[in-house]
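A.B. asks:
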Amino acid sequence: MERHEVINALSGGRYRDYLEIGVDHATTFNRVAIPNRTGVDPHFKVPREGIRGETVVATSDDFFRANTRSFDCVFIDGLHTYAQSRRDFVNAWACLRPGGTVVLDDCFPADDLAALPDLDACLRGRRERGTPGDLTWMGDVYKTVIWLHDCTEHRFAYVENTRGGIVVVWPGRRRRTARWLPDEAAITACSYERFLTLPLPSASLSRLAREVAPRRLLSFLPFGSRA
């Protein structure tokens with residue numbers, strides 16, 4: 016399942032304003048069926064005239080610092096580090112309209128190398144393992160998911176059957192459960208191997224689309240688990 020399919024299903028034709036952090040080649044951006052689209056990237060990989068929407072050449076930090084608009088959906092696919100993805104989420108949530116969603120990409124690394132926060136270290140490790148053509152890298156964005164669980168009451172779940180691990184976060188208070196890790200220092204230090212042992216919530220896209228739709232909350236139904 017592709018990223019734009021997730022976003023379009025969550026929208027269900029309701030969303031009007033969309034923000035994408037980290038547009039790259041605009042593969043997702045150009046397929047999102049939301050009328051008003053804004054893409055932010057410090058280094059677009061394709062000519063901007065080929066991008067179907069407003070483009071802003073800036074880092075996400077600079078964009079959010081100057082932003083005064085609100086959005087129905089924010090897709091975060093920027094720098095693949097815990098610090099940046101968490102900061103992007105906090106900033107995105109602050110400009111989210113009631114009933115909107117934040118979608119985080121790259122939340123389930125393919126392997127231990129893909130989970131490294133440094134891209135050069137990941138690629139060096141792949142060369143050492145004899146797979147130099149494998150460019151898969153998610154970084155340690157997975158730690159932001161742990162932070163969501165342990166440090167917030169936001170409702171969230173992984174979308175089943177997606178590449179790289181897509182997480183949807185939507186308004187509403189989640190019933191707090193025991194922390195996965197003891198403190199924020201432990202989150203920062205969490206290894207890929209430890210992450211794999213956590214009871215990560217997941218749901219089908221159709222279930223999540225129903226969850227985020229107005230007046231159709233199904234929070235009394237349990238989510239599945241990826242663990």
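With the working numbering, letter number 123 in the sequence shown gets 138, and the count goes up by one each step, no holes.
Positions of the beta carbon are idealized from the N, C-alpha and C atoms, including for glycine.
#1: What do you reckon, are the CB atoms on Phe78 and Cys110 nearer than 8 Å?
#2: According to the Cβ coordinates, are Phe123 and Gly68 closer than 8 Å?
#3: Please classify Arg170: is it buried, with 16 or more other beta-carbons within 10 angstroms of its beta-carbon, or exposed?
#4: Please report the straight-line C-alpha distance between Tyr30 and Asp135, rounded to a whole angstrom.
#5: Rounded to whole angstroms, what's the CA-CA distance from Val21 to Leu220? Just pull it up for me.
#6: Who are the near neighbours of Asp103 in its chain, counting only those whose CB is closer than 6 Å to its CB and skipping five residues on each side?
#7: To the nearest angstrom, how far is the alpha carbon of Pro216 from that of Ala172?
#8: Report the option in Gly140, Ile49 and Asn82 whose CA atom is closest to the CA atom of Gly115.
#9: Using the rule of at least 16 other Cβ atoms within 10 Å of the residue's Cβ for burial, across every protein chain shown, is Glu226 buried or exposed?
#10: Nearest by alpha-carbon distance to Thr159: which of Thr177, Leu138, Asp121 and Ser26 is it?
#11: Taking only the alpha-carbon atoms, compute the straight-line gap between Cys137 and Leu131 and give it to the nearest angstrom.
#12: Once the 5 residues before and after Gly27 are set aside, which same chain residues still bring their CB inside 8 Å of it?
#13: May I ask which residues mark the beginning and end of the beta strand (DSSP E) holding Cys88?
C.D. replies: Straight from the coordinates:
#1: By 1-based counting over the sequence shown, the position of residue 78 is 63. By 1-based counting over the sequence shown, the position of residue 110 is 95. No, they are not a contact pair.
#2: Sequence index remark: in the sequence shown, residue 123 carries index 108 (1-based). Sequence index remark: in the sequence shown, residue 68 carries index 53 (1-based). No; because the gap between Cβ atoms is not below 8 Å, this pair is not in contact.
#3: Within the sequence shown, numbered from 1, the residue matching residue 170 stands at position 155. Taking all protein chains shown into account, Arg170 has 16 or more neighbouring C-beta atoms within 10 Å of its C-beta and is therefore buried.
#4: On the sequence shown, residue 30 is found 15 positions in, with the first residue counted as 1. On the sequence shown, residue 135 is found 120 positions in, with the first residue counted as 1. So the alpha carbons of these two residues sit roughly 38 Å apart.
#5: Position 6 of the sequence shown holds residue 21. Position 205 of the sequence shown holds residue 220. So the two alpha carbons sit approximately 7 Å from each other.
#6: Taking the sequence shown and counting its residues from 1, one reaches residue 103 at position 88. Contacts found: Ile36, Ser75, Ile91 and Gly93.
#7: As a working mapping, residue 216 is identified with position 201 in the sequence shown. As a working mapping, residue 172 is identified with position 157 in the sequence shown. The alpha-carbon atoms of Pro216 and Ala172 are separated by roughly 5 Å.
#8: Here residue 115 refers to the residue found at position 100 when the sequence shown is read from its first residue. The option with the nearest alpha carbon to Gly115 is Ile49.
#9: The sequence position of residue 226 within the sequence shown is 211, counting from 1. Answer is buried; the Cβ neighbour count reaches 16.
#10: Position 144 of the sequence shown holds residue 159. Of the listed residues, the one whose Cα sits closest to Thr159 is Asp121.
#11: Walking along the sequence shown from the start, residue 137 turns up at place 122. Walking along the sequence shown from the start, residue 131 turns up at place 116. Their Cα atoms are separated by approximately 6 Å.
#12: Within the sequence shown, the letter at position 12 stands for residue 27. Cβ within range, chain order: Ala224 and Ala228.
#13: The residue you call residue 88 lines up with position 73 of the sequence shown. Phe86 to Ile91 is the extent of the beta strand (DSSP E) around Cys88.
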